[in-house]
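Chemist: Letter by letter, the sequence shown follows residues 992 to 1330 in our numbering.
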Amino acid sequence: RLFAKALRPRDGAVACAGLFCCVKSRPYLSCDGADAAKWPLAGYSSAQHVTGLAKIHEAEQKLLSMMLGTPFTARDVPIQLDVPSRCFLRGAPETKFAIRTVVVGEQHAASGRPPIVLVHGFMMGAAAFFKWLPLLARERTVYAIDVIGMGGSGRPPFEADKLSAEEAENLLVEPFEQWAEAMGLTEFDLLGHSFGGFVCSAWAAKHPSRIRCLGLLSPLLGFSDARIERIMPKDDDSWQRKALKCVIETAWARHITPQSLVRWVPGAKGWMERASSRRFQSMAAGVTEEEGRLLSEYVIATMDMPSSTEASATVCFEPFLRPTEVAGGTIKRRVARLP
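Written out as structure tokens, the structure reads:
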């Protein structure tokens, strides 16, 4: 039905491209022990979760080891969240999670200069800043942190169908407030890239007292109505553009992300690894073939984990990245009101 208006009857082959929209990320993708054996399609057992985190940490260490001459530490900072159980077969929900934290420039801690906190973009992690960290660590202590539910941080269940945009924001921001408290940080400069720019903006809007300066690098704050209107297919556009619009809207409504495809579509993981390796090698000057390969390995490891807050993008934004209204307005309006 979704493609009836966009596709001609003989275009069934193209309709197959939209079949991935039948897959939906579930909030109960992790079962323990015998439960995992009874429900093989549930996705991930605890053992697989631990193995996945081990792979992320190994890839993280390899990537950060490319920062020759820059000492670093990587640690898990514990936090607590009141979230429902990931699997309906399990008992009491898990409440203890961790924020993965990479620290460089610790020798500057006593200098009196406020530290820098870095937050990564979508489908990334703290180690993706491996080119920046040595530069920033020359004069400041730098904390690169993984968003809860992404990178090497803990993965609480995220029921995208049941959460409002404001609740989704809170689940992204409140763990960072706990993290700052645990790290003893009373004031710092906050810097976010892409989706991390959105998270940092929401953090600054909700808890501005700790943040001395907010820096946004290509932040994901949503498109304007005028820009969305320009990219929307018109009545006289090709059926391919209309079909693509249907695929995007359906995937968005079902909270399907690129990570979902890596987990569920056969061959998608290998294709994504090859494509990302080529992209990382060509996207910036100074990235060697080895660095591109290691960055790709790291990113794929972070994507091949139980689903979690990645779906927050489909809750905090409408299709085609139209920002969602919450109390206080869209994220752009709230950022504009910051002192």
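All C-beta atoms, glycine included, are put in the ideal place defined by N, C-alpha and C.
Suppose you measure from the CA of residue 1229 to the CA of residue 1200; what does that come to, to the nearest Å?
Modeler: 51 Å
Chemist: Measure from the alpha carbon of residue 1298 to the alpha carbon of each residue in 1141, 1194, 1238 and 1217, then state which is nearest.
Modeler: Of the candidates 1141, 1194, 1238 and 1217, the one whose C-alpha sits nearest the C-alpha of residue 1298 is 1141.
Chemist: Starting from residue 1093, follow its DSSP beta bridges and name the residues at the other end.
Modeler: 1065 and 1135
Chemist: Please work out which residues of its chain come closer than 7 Å, Cβ to Cβ, to residue 1290, disregarding the five sequence neighbours upstream and downstream, and give them in chain order.
Modeler: Cβ contact annotation for residue 1290 (same chain, cutoff 7 Å, sequence separation greater than five): 1114, 1115 and 1267, in chain order.
Chemist: Grab me the residues of residue 1253's own chain with a C-beta within less than 8 Å of its C-beta, minus the 5 sequence neighbours each way, in chain order.
Modeler: 1259, 1260, 1263, 1291, 1294 and 1295
Chemist: Taking 7 Å as the threshold (C-beta atoms), are residue 1307 and residue 1089 in contact?
Modeler: no
Chemist: Going by the beta-carbon positions, is the gap between residue 1247 and residue 1311 smaller than 7 Å?
Modeler: no
Chemist: Leaving out five residues before and five after residue 1302 in sequence, what residues of the same chain have Cβ atoms less than 7 Å from its Cβ?
Modeler: 1016, 1149, 1151, 1246 and 1248
Chemist: Residue 1105 and residue 1178: beta carbons closer than 7 Å?
Modeler: yes
Chemist: From what residue to what residue does the beta strand (DSSP E) around residue 1109 run?
Modeler: Per DSSP, residue 1109 belongs to the beta strand (DSSP E) from 1107-1110.
Chemist: The beta strand (DSSP E) spanning residue 1203 covers which residue range?
Modeler: Here the beta strand (DSSP E) through residue 1203 covers 1202-1208.
Chemist: Are three or more beta carbon pairs between the stretch 1206-1213 and the stretch 1132-1147 nearer than 8 Å?
Modeler: no
Chemist: Report the rounded CA-to-CA distance for residue 1043 versus residue 1214, giving the unit in angstroms.
Modeler: 34 Å
Chemist: Near residue 1159, which residues of its chain fall below 7 Å by C-beta distance, leaving aside the five closest residues on each side in sequence?
Modeler: 1303, 1306 and 1307
Chemist: What is the C-beta distance between residue 1170 and residue 1239, in whole angstroms, given that I count them as a contact (C-beta under 8 Å)?
Modeler: Wrong, their Cβ atoms sit about 34 Å apart, outside the cutoff.
Chemist: Our contact map puts residue 1091 next to residue 1117 with C-beta atoms below 8 Å; I'd like the distance itself, whole angstroms only.
Modeler: The Cβ separation is near 6 Å, so the contact holds.
Chemist: From the DSSP secondary-structure annotation, give me the bridge partner or partners of residue 1343.
Modeler: Past the edges of the chain, shown from 992 to 1330, lies residue 1343, and the structure says nothing about it.
Chemist: Is it the case that the Cβ atoms of residue 1094 and residue 1191 are separated by a distance below 7 Å?
Modeler: no
Chemist: Taking the alpha-carbon of residue 1145 as reference, which of 1085, 1204 and 1176 has the nearest alpha-carbon?
Modeler: Closest by alpha carbon: 1085.
Chemist: In whole angstroms, what is the alpha-carbon distance linking residue 1236 and residue 1103?
Modeler: If you draw a straight line from the Cα of residue 1236 to the Cα of residue 1103, it comes to about 52 Å.
Chemist: Just to confirm the assignment, what range does the beta strand (DSSP E) spanning residue 1183 have?
Modeler: 1179-1184
Chemist: Report, in whole angstroms, the separation of the C-beta atoms of residue 1054 and residue 1121, which I expect to be a contact under 8 Å.
Modeler: With a Cβ gap of about 5 Å, residue 1054 and residue 1121 count as contacting.
Chemist: Since residue 1164 is in the alpha helix (DSSP H), which residue starts that stretch and which ends it?
Modeler: Taken as a continuous stretch (DSSP letters only), the alpha helix (DSSP H) holding residue 1164 covers 1156-1174.
Chemist: Counting along the chain, where does the alpha helix (DSSP H) carrying residue 1288 start and finish?
Modeler: 1280-1294 is the span of the alpha helix (DSSP H), which, as asked, contains residue 1288.
Chemist: Where do the ends of the alpha helix (DSSP H) carrying residue 1272 lie?
Modeler: Start and end: 1259-1273.
Chemist: Kindly list the residues whose CB is nearer than 8 Å to the CB of residue 1198, restricted to its own chain and excluding five residues on each side of it in sequence; keep chain order.
Modeler: 1164 and 1168
Chemist: Report the residue from 1119, 1153, 1067 and 1123 whose alpha carbon sits nearest the alpha carbon of residue 1288.
Modeler: 1119
Chemist: Note down the Cα distance separating residue 1066 from residue 1143, rounded to an integer number of angstroms.
Modeler: C-alpha separation (whole angstroms): 10 Å.
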